[in-house]
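K.L.:
Heads up: the sequence shown begins at 1 in full-length UniProt numbering, then just goes up one per residue.
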Amino acid sequence: MAKTKIKVAFIHPDLGLGGAERLIVDSVVGLKELGHEAGIYTAHYDESRRFPEVSSINVHVVGGFIPRTLAGKFKALLTSIQCLYIAMYLCILCPHSFDVAVCDIVSLPNVIFWLFRKPVVFYCHFPDKLLARTLQVDAHGHGRTPLAPVRQLYRLAVDFLEEYSMRYASVTLVNSRFTVSVFEEAFKSLRSVPMVVHPSVQPAEEDGDYADDLAPDELIVLSLNRYERKKNVEIAIEALAKVKELIPDTTYANVKLVIAGGWDARLAENREYELELREMADRLAMRSKVIFRRNVSDSERRDLLRKCTCLLYTPPEEHFGIVPLEAMAASRAVIACSSGGPLETVEE
Numbered sequence: 001m002a003k004t005k006i007k008v009a010f011i012h013p014d015l016g017l018g019g020a021e022r023l024i025v026d027s028v029v030g031l032k033e034l035g036h037e038a039g040i041y042t043a044h045y046d047e048s049r050r051f052p053e054v055s056s057i058n059v060h061v062v063g064g065f066i067p068r069t070l071a072g073k074f075k076a077l078l079t080s081i082q083c084l085y086i087a088m089y090l091c092i093l094c095p096h097s098f099d100v101a102v103c104d105i106v107s108l109p110n111v112i113f114w115l116f117r118k119p120v121v122f123y124c125h126f127p128d129k130l131l132a133r134t135l136q137v138d139a140h141g142h143g144r145t146p147l148a149p150v151r152q153l154y155r156l157a158v159d160f161l162e163e164y165s166m167r168y169a170s171v172t173l174v175n176s177r178f179t180v181s182v183f184e185e186a187f188k189s190l191r192s193v194p195m196v197v198h199p200s201v202q203p204a205e206e207d208g209d210y211a212d213d214l215a216p217d218e219l220i221v222l223s224l225n226r227y228e229r230k231k232n233v234e235i236a237i238e239a240l241a242k243v244k245e246l247i248p249d250t251t252y253a254n255v256k257l258v259i260a261g262g263w264d265a266r267l268a269e270n271r272e273y274e275l276e277l278r279e280m281a282d283r284l285a286m287r288s289k290v291i292f293r294r295n296v297s298d299s300e301r302r303d304l305l306r307k308c309t310c311l312l313y314t315p316p317e318e319h320f321g322i323v324p325l326e327a328m329a330a331s332r333a334v335i336a337c338s339s340g341g342p343l344e345t346v347e348e
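Structural data, given as structure tokens:
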């Protein structure tokens, strides 16, 4: 019997560089290798910030005219509207271009696919309602404004839409058992239990020397995260300062911390957080010990993992954490916060 060929449409709000995007790209590549058709539909795509495999994938930019924010606000709502528009575009203008839809991160399009009787898989990395609570007040006290009651009403509406639209998915997937427990606590009205599908990593490869500013005798501590405050990268700088008190000066002289990760000029937080980290390094007299890198390519990423002594993974309560897996695939030691998804992947 001939294998049935299916056409899959992946809906992702912003195709950049990150763990969620890595999962989507790997899924598309895997489906194509199995003989199926798969493409990505997104509201924003910057060719200068992409994984190399994306060059062989059909990427359709739809709904880019819808603003990402209004005066820096309403990001969650506008992102949902962008993805809702993509779903309507698919179902109304090109319904025969796909058999199954996969919605990543944003759940509101589930309703559209349900209305048009299209199977839809929803992949939940973490409940947005909980992410919003985490980010509402940052380390500088941002978020405590006279408009807080208005924000609370806005979040109530967005949170309702998130939970309401979840029920229309044919199947809901999450990235870890930790996320399952959080999901069940956050969405008590939902009866179905999501299935765990862990993201995967590519086998480690040696394909060039990109970190040529790192001496062979240096002891490299690596931090790979987006430039976001929730990633808690300042812990890495503080830890490096503490290490000075614990090891001989001759050994410490060879220690360097490389902070590398996704950076988007459109995002104020990325710009601000990098500046905060640089200022912290200056304040602790660590500037000569800390190297900052933005938007490293896959090849640079693999080279850094190959040259580092260990990976320091700083995010607390991380939903899954693809970076520790990449480090272990490269046979590198991992030091991570003892919480969240890394408890399922990082062995003692």
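Built from N, CA and C at the ideal position, the CB exists for glycine as well.
For the stretch 53-82, which segments carrying the beta strand (DSSP E) assignment without a break, of at least 3 residues, lie completely within its bounds, in sequence order?
P.N.:
Correct list: 58-61.
K.L.:
In the structure shown, what three-state DSSP assignment does residue 112 receive?
P.N.:
In this structure, residue 112 counts as helix in the three-state DSSP scheme.
K.L.:
Among 125, 105, 327 and 343, which one has its Cα closest to the Cα of residue 179?
P.N.:
The residue with the shortest Cα to Cα distance from residue 179 is 125.
K.L.:
Using a Cβ-Cβ cutoff of less than 6 Å, which residues in the same chain neighbour residue 311 once the five nearest sequence positions on both sides are dropped?
P.N.:
Correct list, in chain order: 222, 327, 332 and 334.
K.L.:
At which residue ranges does the UniProt domain "Glycosyl transferase family 1" (216-347) contain complete alpha helix (DSSP H) runs of 4 or more residues, listed in the order of the chain?
P.N.:
List check, alpha helix (DSSP H) in window: 234-243, 249-252, 268-283, 298-307, 322-329 and 342-345.
K.L.:
So what does DSSP say about residue 86, is it helix, strand or coil?
P.N.:
Here residue 86 sits in helix by DSSP.
K.L.:
Where do the ends of the beta strand (DSSP E) carrying residue 158 lie?
P.N.:
Note, residue 158: premise wrong, no beta strand (DSSP E); alpha helix (DSSP H) at 148-166.
K.L.:
Since residue 289 contacts residue 240 with CB under 8 Å, what's their CB separation in whole angstroms?
P.N.:
The Cβ separation is near 6 Å, so the contact holds.
K.L.:
Please report the straight-line C-alpha distance between residue 43 and residue 62, rounded to a whole angstrom.
P.N.:
Using only the alpha carbons, I get a separation of about 5 Å.
K.L.:
Could you check which residue in 182, 76 and 101 has the C-alpha nearest to that of residue 6?
P.N.:
Looking at the Cα atoms, 101 is the closest of the given residues.
K.L.:
Looking only at its own chain, which residues have a Cβ that is under 7 Å from the Cβ of residue 295, when we skip the five neighbours before and after it?
P.N.:
Around residue 295: 17, 49, 262 and 263.
K.L.:
Just curious, the alpha helix (DSSP H) that residue 178 is in, first and last residue?
P.N.:
177-186 is the extent of the alpha helix (DSSP H) around residue 178.
K.L.:
Along the chain, where does the alpha helix (DSSP H) containing residue 30 start, and where does it finish?
P.N.:
Start and end: 19-33.
K.L.:
Measure the Cβ-Cβ separation of residue 78 and residue 95 and say whether it is below 8 Å.
P.N.:
Against a cut-off of 8 Å, the Cβ pair of residue 95 and residue 78 comes out as no contact.
K.L.:
Taking a contact to mean a Cβ-Cβ separation below 8 Å, would you say residue 105 touches residue 91 in this structure?
P.N.:
Taking 8 Å as the Cβ cut-off, residue 105 and residue 91 do not qualify as a contacting pair.
K.L.:
How should residue 283 be labelled, buried or exposed, when 16 other C-beta atoms within 10 angstroms of its C-beta is the threshold for buried?
P.N.:
With fewer than 16 Cβ atoms within 10 Å of its Cβ, residue 283 is classed as exposed.
K.L.:
Residue range of the beta strand (DSSP E) that residue 190 falls in?
P.N.:
Per DSSP, residue 190 belongs to no beta strand (DSSP E) and is neither H nor E.
K.L.:
Report the CB separation of residue 375 from residue 315 in whole angstroms; it is logged as a contact under 8 Å.
P.N.:
There is simply no residue 375 to check, as the chain begins at 1 and stops at 348 in what is shown.
K.L.:
Measuring straight from C-alpha to C-alpha, what distance separates residue 175 and residue 337?
P.N.:
Their backbone Cα atoms lie some 18 Å apart in a straight line.
K.L.:
Between the Cα of residue 163 and those of 80, 238 and 99, spot the shortest distance and give me the residue it belongs to.
P.N.:
Nearest option by C-alpha distance: 80.
K.L.:
Which residue from 57, 37, 34 and 8 puts its Cα closest to that of residue 15?
P.N.:
Among 57, 37, 34 and 8, the Cα nearest to that of residue 15 belongs to 57.
K.L.:
Could you give the residue range of the beta strand (DSSP E) that holds residue 14?
P.N.:
First-last of the beta strand (DSSP E) with residue 14: 7-15.
K.L.:
What would DSSP say about residue 99, mapped onto helix, strand or coil?
P.N.:
Coil at residue 99, not helix or strand.
K.L.:
Work out the CA separation of residue 3 and residue 74 for me, nearest whole Å.
P.N.:
Whole-angstrom Cα-Cα distance: 45 Å.
K.L.:
Which value, in whole angstroms, describes the spacing of the CA atoms of residue 360 and residue 236?
P.N.:
What is shown of the chain runs 1 to 348, which leaves residue 360 out entirely.
K.L.:
Mark residue 64 as exposed unless 16 or more other C-beta atoms lie within 10 angstroms of its C-beta, in which case mark it buried.
P.N.:
Exposed, since its Cβ has fewer than 16 Cβ neighbours within 10 Å.
K.L.:
Answer yes or no: do residue 109 and residue 84 have a C-beta to C-beta separation smaller than 8 Å?
P.N.:
A contact, by the Cβ cut-off of 8 Å.
K.L.:
Ordered along the chain, which non-local residues of its own chain (more than five positions away) have a Cβ less than 6 Å from that of residue 293?
P.N.:
Here the set comprises 260.
K.L.:
For residue 128, which three-state DSSP category applies?
P.N.:
Helix, per DSSP.
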